[in-house]
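Below is one structure, written out as structure tokens; comments come after it.
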Amino acid sequence: MLGNAFGWPHLLVLLAVILLLFGAAKLPALAKSVGQSARVFKGEMKAMKEEDVKPADTPAAAPAPSNPPTASSDASLGRPSENT
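For the sequence shown, counting from 1, position 31 maps to 588 in the numbering used here; every step adds exactly one.
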């Protein structure tokens, strides 16, 4: 639907507005900041993908035995006991 919304004339007008708003002196610093942010984001995404791959490669640990909750464990969680 919006496939042709940003043609060359639109992009040129947008670039002119950005140049007027920020000025020519601030544009290199702004571009550097955007580049650094993109680099950090890319690195974090790569780290997240590596974390997802590592657990699949390692064998699964034995599941811990589950114990039914007792009255003492409910009190340790800050819940009022039913006896009061």
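Glycine included, C-beta positions come from ideal geometry on N, C-alpha and C.
- Secondary structure within the region 559-605: the alpha helix (DSSP H) runs of 4 or more consecutive residues, fully enclosed, are 565-579 (chain order).
- A direct Cα-Cα distance of roughly 41 Å separates V610 from L571.
- Going by C-alpha positions, L569 is about 10 Å away from L576.
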